Amino acid sequence: VFTSLALLFIFIGFLLSRWMAKRALVPVETAYHQQREFVSNASHELRTPLSVILSAVEALDMEEDNNNPFTKKMRKTLKHEAKRMSALISELLALARTDSNNGVAELRKEAFDAFPLAEQVVDSFSKRSSEKNLSVKLDSPETLPVFGDRDKIAQMMYILADNAIKYTPEGGSVKIDLKQQGRKKNEEFLFTVTDSGIGIAAEDKARIFDRFYRVDKVRSRKEGGYGLGLAIAKSIAVSHGGTITVDSVPGEGSSFTVSIPNVHPAESLQQQELKNA
Ligand code: ADP
């Protein structure tokens, strides 16, 4: 009896442990997919209440009797944080859309001049860069025709310039270079942002393009960052068939380069014809 009871317990124990192992071990890919789906669903759900909060604060701003300094300050904080959160949700949703499209963002490609676009980006930072006494320089040919998604490329320029300004201490320098490289049929659009800032340690270089990865969480949060900027910049570069790379020396500065194949439709057609000939 003892032996059969012992055998029964061992057998039940074995079944139980298998069942628990099965429940505990979700394949990594499934867990990864579930996690991304959860973030995407949560972002969708958060959008509506957040826009209600924003509209409510804006309505409060329009009240006539609203000059109490304390409530004024609170309203300002509410508005600032709600806008920040709204920007975060838009970023998460953009990344989620890319995920559901095999990691490639949907692009609306057109021919545009990248030089005035970069000028606009630099102009948008003029207040912040002068507050920090940074020297910001833009180096580009007079015109630089690019074939790509104008809004997304502007967003990518904005993210890299924003980081350069955020992570460069007072009195430093930021340089933005636009270049066309290669021969006509094999052109590349190169966008480089170089700063004299805090730099990035070797062990962090590979991870800074991951979602929510921030080297110094306190500093990044103080600067308003969530750790999504570089993930988005990378997704934009990759969706254009390009790359993003970083060179950095801690304490001396960093240099981010985006390289995007720059083939205009007529030229790519010609290439196709050449290939088929
Ligand atoms: P964040 O919103 O935190 O800036 P990003 O994805 O844009 O998020 O960047 C991820 C992290 O990479 C930052 O938190 C920062 O630690 C580091 N980083 C990005 N750009 C620079 C830079 N130009 N110089 C130094 N560190 C940088």
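Heads up, the numbering used here is the position in the sequence shown plus 37, with the first residue counted as 1. We put the beta carbon where it would ideally sit given N, CA and C, even for glycine. None of these values were measured; they are calculated from a predicted model.
Measuring from the CB of residue i, is there a heavy atom of ligand 1 at a distance below 7 Å?
{"i": "S291", "result": "yes"}
{"i": "V252", "result": "yes"}
{"i": "I190", "result": "no"}
{"i": "A93", "result": "no"}
{"i": "L132", "result": "no"}
{"i": "G209", "result": "no"}
{"i": "K242", "result": "no"}
{"i": "I237", "result": "yes"}
{"i": "G399", "result": "Only positions 38 to 314 of the chain appear in this structure, which leaves residue 399 out of reach."}
{"i": "D232", "result": "yes"}
{"i": "A268", "result": "yes"}
{"i": "A19", "result": "Within the shown structure, residues of the chain are numbered from 38 to 314, placing residue 19 beyond reach of any answer."}
{"i": "I196", "result": "yes"}
{"i": "I245", "result": "yes"}
{"i": "L171", "result": "no"}
{"i": "L52", "result": "no"}
{"i": "L265", "result": "yes"}
{"i": "Y204", "result": "yes"}
Tell me whether residue i is buried or exposed, calling it buried when 16 or more other Cβ atoms sit within 10 Å of its Cβ.
{"i": "Y204", "result": "buried"}
{"i": "I281", "result": "buried"}
{"i": "I196", "result": "buried"}
{"i": "M193", "result": "buried"}
{"i": "D98", "result": "exposed"}
{"i": "L42", "result": "exposed"}
{"i": "G140", "result": "exposed"}
{"i": "H277", "result": "buried"}
{"i": "K189", "result": "buried"}
{"i": "A93", "result": "exposed"}
{"i": "L45", "result": "exposed"}
{"i": "L215", "result": "buried"}
{"i": "L129", "result": "buried"}
{"i": "L52", "result": "exposed"}
{"i": "N200", "result": "buried"}
{"i": "G50", "result": "exposed"}
{"i": "N223", "result": "exposed"}
{"i": "N105", "result": "exposed"}
{"i": "D102", "result": "exposed"}
{"i": "A243", "result": "exposed"}
{"i": "A58", "result": "exposed"}
{"i": "K291", "result": "A small correction: the amino acid at residue 291 is Ser; Lys does not occupy that position in the sequence shown. So S291 ends up on the buried side."}
What whole-angstrom Cβ distance do residue i and residue j have, given they're in contact under 8 Å?
{"i": "P287", "j": "A238", "result": "5 Å"}
{"i": "F293", "j": "V230", "result": "5 Å"}
{"i": "F246", "j": "L227", "result": "F246 to L227, Cβ: 18 Å. No contact."}
{"i": "H301", "j": "F184", "result": "5 Å"}
{"i": "E225", "j": "S296", "result": "5 Å"}
{"i": "S285", "j": "G236", "result": "5 Å"}
{"i": "I202", "j": "L171", "result": "6 Å"}
{"i": "G209", "j": "S233", "result": "4 Å"}
{"i": "A79", "j": "I269", "result": "18 Å between Cβ atoms; not a contact."}
Q. Hey, is the region 120 to 138 in contact with the region 149 to 157, meaning 3+ C-beta pairs nearer than 8 Å?
A. no
Contact between the region 144 to 151 and the region 171 to 181: three or more CB pairs below 8 Å? yes
Next on the checklist: As an exercise, report each continuous alpha helix (DSSP H) stretch of at least 4 residues that is fully enclosed by the region 104 to 149, in chain order.
Outcome noted: Counting only runs of 4 or more, we get 106 to 136.
Could you tell me which uninterrupted beta strand (DSSP E) segments, each at least 3 residues in length, are contained entirely in the region 274 to 298, listed from first to last along the chain? 280 to 286 and 290 to 298
Indicate whether the contact test is met: 3 or more Cβ pairs, each with one atom in the region 66 to 78 and one in the region 117 to 127, closer than 8 Å.
no
**Prompt:** Going along the chain, which unbroken runs of the alpha helix (DSSP H) with 4 or more residues stay wholly within the region 234 to 262?
**Reply:** 239 to 242 and 254 to 259
- request: Please go through the region 179 to 230 and give each complete alpha helix (DSSP H) segment of 4 or more residues, from N-terminal end onward.
  value: 187 to 203
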